[in-house]
């Protein structure tokens, strides 16, 4: 997936891993556990799918062992956005699954480019694939939850960018064991993060139809908290766009 992956990138990746394993292939999810914005999902995977989540360095070593490797990129199609550009350059065979509008610097040598901007999320697209692969009749509740979390995140709980296919995918995942209550708990914050998010929202000022806030808080999860605050600002009447500014190291 992309750098700093959230629930859609991680959820759709787990869906792809499930498909590969059901077809008898070794499969791994490559991500930085410390930088992901879907830590509850990754942590749950350590119990549900032990050994599946690996670092970029581990993936590079696996790629070096064999020439028969397949890299599947989800939730982005832009070369510079992927979790590991080095791994992408090593890949001789790449598949892309994405729902964002096509941009420049896209992965132009993919053997399959599954791209549908009308879909709500990459998780919706992967769920659609699961429906057409007979071997994947039962994904297990964890993978179903992971895919549903991706859909719920990108649609803001089925409010934005929702199509008929979105509800069909959600219904399929429910049949496969997804639990909306269990998924909702994946998005919950601890009390400190809750207060930090509220402080960011309280600092917001309105400019025309935009809400702008500065995250003057110190947190290891500043990206996640800022994203949640930006989402909450969009619920304010008259706000069409929201921006949360935060510092990360020497960058803004």
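Residue numbers (my numbering): 2 to 253. Built from N, CA and C at the ideal position, the CB exists for glycine as well.
What is the DSSP secondary structure of residue 244, reduced to helix, strand or coil? strand
Collapsed DSSP secondary structure at residue 206 in the structure displayed: strand
Can you find at least 3 beta carbon pairs, one from the segment 156-175 and one from the segment 116-126, that sit closer than 8 Å? yes
Which residues does DSSP list as the beta-bridge partners of residue 113? 96
Between the alpha carbons of residue 158 and residue 230, how many angstroms are there, rounded? 16 Å
Pair within 8 Å by beta-carbon distance, residue 247 and residue 213: no
For residue 249, which three-state DSSP category applies? strand
So which of 154, 119, 65 has the shortest CA-CA distance to residue 189? 154
Tell me the DSSP secondary structure of residue 308 in three-state form. The structure shown does not extend to residue 308, since the chain is modelled only from 2 through 253, so no value can be given for it.
What's the C-alpha gap between residue 197 and residue 94? 43 Å
Residues near residue 14 by beta carbon distance below 6 Å, same chain, minus five either side: 2, 30, 75
Under a three-way DSSP split, which group does residue 3 fall into? strand
If you reduce the DSSP assignment to three classes, tell me which class residue 212 lands in. strand
To which residues of the same chain is residue 152 closer than 7 Å at the C-beta, ignoring the five residues directly before and after it? 121, 122, 124, 125, 167, 170, 171
Counting only runs that start and end within the segment 45-90, where is the alpha helix (DSSP H) found for 4 or more residues in a row? 57-66
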